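Have a look at the structure below, then the notes.
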């Protein structure tokens, strides 16, 4: 925690010297997230987007913070804006898929995960997310295939092995 506090202090000093230093503000926002100071993180991401409304990382990170704060509509707006700024990046598609799931739109969630996979076949989070949705909808065979692929990409994630085991057990 001391190193994180030191990082926050150094980012703050950089911003005292140059209040428009976008990288310092973005990284301070990320440090605030790691420290669970979500309102402070939100202020930094808002500030970055005030300087540069097209800043992709600030947009996605603000979406994440908004999810943590329970502002799903705001998070969805940020994810969709990020999708228009960098349409070839799978991250905002995965973000919107998670949000759609939380908002009860299973079909939309699966569509977004599928699109993220089409954009980047190595996107482990998309395979895992789609597998989870398919399992939730009762399609254990397809879920098992997606979990198996996500494990190839992220073998260290124990939850994926658990989910694959759950899908395989449902096939019996």
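Residue numbers (our numbering): 4 to 175.
Note that beta-carbon positions come from the ideal geometry of N, C-alpha and C, so glycine has one too.
Source: prediction; values computed, not measured.
The C-beta separation of residue 136 from residue 104 comes to about 6 Å, placing the pair in contact by the 8 Å criterion.
In terms of Cβ geometry, residue 116 and residue 132 form a close pair [threshold 7 Å]. Residue 56 sits in coil when the DSSP states are folded into three classes, being neither helix nor strand.
With a contact defined as Cβ atoms closer than 8 Å, residue 174 and residue 129 miss out at about 22 Å.
Between residue 140 and the set 123, 122, 110 and 84, the nearest pair of CA atoms involves 110. The shortest C-alpha to C-alpha distance from residue 25 to any of 107, 75 and 56 is the one to 56. C-alpha of residue 84 to C-alpha of residue 11: approximately 28 Å in a straight line.
In this structure, residue 156 and residue 146 do not form a Cβ contact; the two beta carbons are roughly 16 Å apart against a cut-off of 8 Å.
Where residue 121 is concerned, the enclosing alpha helix (DSSP H) starts and stops at 109-122. Excluding five sequence positions before and after residue 58, the CB atoms of its chain that fall closer than 8 Å to its own CB belong to 25, 29, 51 and 52, given in chain order.
For residue 123, the closest of 101, 112 and 97 by C-alpha to C-alpha distance is 97.
Put simply, of 36, 7, 6 and 32 the residue whose alpha carbon is nearest the alpha carbon of residue 18 is 32.
Under the 10 Å beta carbon count, residue 101 is surrounded by 16 or more other beta carbons and is classified as buried.
Nearest Cα to residue 77 within the set 165, 90 and 49: 49.
Residue 80 has its alpha-carbon roughly 13 Å from the corresponding atom of residue 68. Closest by C-alpha distance to residue 13, out of 37, 170 and 27, is 27.
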